[in-house]
């Protein structure tokens, strides 16, 4: 399987230096805010968030449908789960889904991602207040993951996307493609995920490309799996490259302690503590409950809670 190492290295390097879109900070900064449906970039699952969003090579539950659909291939039991993300200014993000293993045929999942902006006041050209409205973003995601060897797996998502602001709507279709390689005779895992390849989203008279992103990650377990460390490199097409680092410590089997940090090469403009994450987890029989705290510096913290149930 040494050739898989080479493939992973070549693909990862090619992604990061691909000449079609320069990785220079200057070019990326010019692209900030130029992509539509930005909610697709919001991570899901309190376990992953508490580890600095470094789960491309780590995730192997329902939330792998976001981080790396290839991770779904490791699941042997059906799973139902949800996440609630209390964001800023009355914005709430919900994620819910179901995973179903198909034995030798792989694993399928259906998930829904919903971002509500709360109630906003309508204003006319003169600034007069009108009837309030509730804008939202929605993604319906169909996922598939399968092992091709005992060490190598691939996965994909197809996403049906919709955004509504007042009486105006926009729709698009997007795809994700992921790969995962568990290095033989080792606790090391490699992962890659290509996100949001698809149609442009047209809102009123203007069209926007989707927020393309590439994730490359590694994960390593040590001390009889009581400690796990992970790192993800994210290369978005519309912002600075950023790095996520995370660690999970399991002092006693049901309890998990997590921390992490997410750093942007352009600097964390919201302050030194922006990007700091922390989390707690509790695994009891067929259930897992997780909480994550994320600091956005001057904007304040956000909180995520997720629950998973196996059948």
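Residue numbers (this note's numbering): 129 to 439.
Glycine residues also receive a C-beta, built at the ideal position from the N, C-alpha and C atoms.
Please read all numbers here as calculations on a predicted model, not as lab measurements.
Is residue j closer than 8 angstroms to residue i when the C-beta atoms are compared?
i, j, result
"residue 418", "residue 392", "no"
"residue 223", "residue 172", "yes"
"residue 262", "residue 283", "no"
"residue 267", "residue 244", "no"
"residue 201", "residue 235", "yes"
"residue 327", "residue 301", "yes"
"residue 250", "residue 260", "yes"
"residue 265", "residue 190", "no"
"residue 386", "residue 359", "no"
"residue 404", "residue 389", "yes"
"residue 332", "residue 291", "no"
"residue 225", "residue 217", "no"
Quick check on residue i: buried or exposed, where buried means 16 or more other Cβ atoms within 10 Å of its Cβ?
i, result
"residue 436", "buried"
"residue 412", "exposed"
"residue 379", "exposed"
"residue 273", "buried"
"residue 188", "buried"
"residue 353", "exposed"
"residue 181", "buried"
"residue 334", "exposed"
"residue 214", "exposed"
"residue 319", "buried"
"residue 204", "exposed"
"residue 254", "exposed"
"residue 287", "buried"
"residue 422", "buried"
"residue 324", "buried"
"residue 344", "buried"
"residue 313", "exposed"
"residue 154", "Caution applies to residue 154, whose pLDDT of 44 falls short of 50 and renders its modelled position unreliable; the value that the coordinates give is listed next. Exposed, by the Cβ-count rule."
"residue 285", "buried"
"residue 289", "buried"
"residue 362", "buried"
"residue 373", "buried"
"residue 297", "exposed"
"residue 167", "buried"
"residue 134", "For residue 134, the predicted model reports a pLDDT of 48, less than 50, meaning its position is unreliable and no value from the coordinates is stated."
"residue 428", "exposed"
Within the continuous beta strand (DSSP E) that includes residue i, where are the two ends?
i, result
"residue 284", "280-293"
"residue 380", "Element bounds for residue 380: n/a, residue is neither H nor E."
"residue 217", "First-last for residue 217: undefined, no H or E at that position."
"residue 254", "Where residue 254 is concerned, there is no enclosing beta strand (DSSP E), given that its DSSP letter is neither H nor E."
"residue 172", "Looking at the DSSP string, residue 172 is not in any beta strand (DSSP E), and its letter there is neither H nor E."
"residue 259", "Neither: residue 259 is in no beta strand (DSSP E) and is coded neither H nor E."
What residues match up with residue i in a beta bridge as DSSP calls it?
i, result
"residue 183", "DSSP, once it has assigned bridges, lists no residue as partnering residue 183."
"residue 430", "422"
"residue 341", "323 and 364"
"residue 241", "223 and 267"
"residue 374", "358 and 388"
"residue 438", "207"
"residue 310", "317"
"residue 412", "415"
"residue 407", "386 and 420"
"residue 163", "337"
"residue 347", "317 and 358"
"residue 304", "285"
"residue 299", "290"
"residue 331", "334"
"residue 236", "228 and 272"
"residue 213", "221 and 432"
Can you list, in chain order, the residues of its chain whose CB lies under 6 angstroms from that of residue i, leaving out five sequence neighbours each side?
i, result
"residue 356", "349 and 376"
"residue 278", "none"
"residue 306", "196, 197, 198, 283 and 321"
"residue 192", "199 and 200"
Between residue i and the rest of its own chain, which residues show a CB-CB distance below 8 angstroms, the 5 nearest in sequence each way excluded?
i, result
"residue 410", "382, 383, 384, 416, 417 and 418"
"residue 142", "Annotation note: pLDDT 48 at residue 142 (below 50); position unreliable, coordinate value reported separately. Around residue 142: no qualifying Cβ."
"residue 317", "185, 186, 308, 309, 310, 311, 346, 347 and 348"
"residue 163", "336, 337, 338, 339, 340, 365 and 366"
"residue 439", "205, 206, 207, 208 and 414"
Alpha helix (DSSP H) containing residue i: first to last residue?
i, result
"residue 193", "192-195"
"residue 247", "No alpha helix (DSSP H) holds residue 247; DSSP gives it neither H nor E."
"residue 334", "Not the alpha helix (DSSP H): residue 334 falls in the beta strand (DSSP E), residues 334-336."
Measure from the C-beta of residue i to each C-beta in chain B and report whether the shortest distance is under 8 angstroms.
i, result
"residue 272", "Here there is only one protein chain, and chain B is not present."
Using a Cβ-Cβ cutoff of less than 7 angstroms, which residues in the same chain neighbour residue i once the five nearest sequence positions on both sides are dropped?
i, result
"residue 174", "211, 407, 418, 419, 420, 432, 433 and 434"
At a cut-off of 7 angstroms, is residue i close to the ligand GDP when judged by its beta-carbon and the heavy atoms of the ligand?
i, result
"residue 361", "This structure lacks the ligand GDP, and indeed carries no ligand of any kind."
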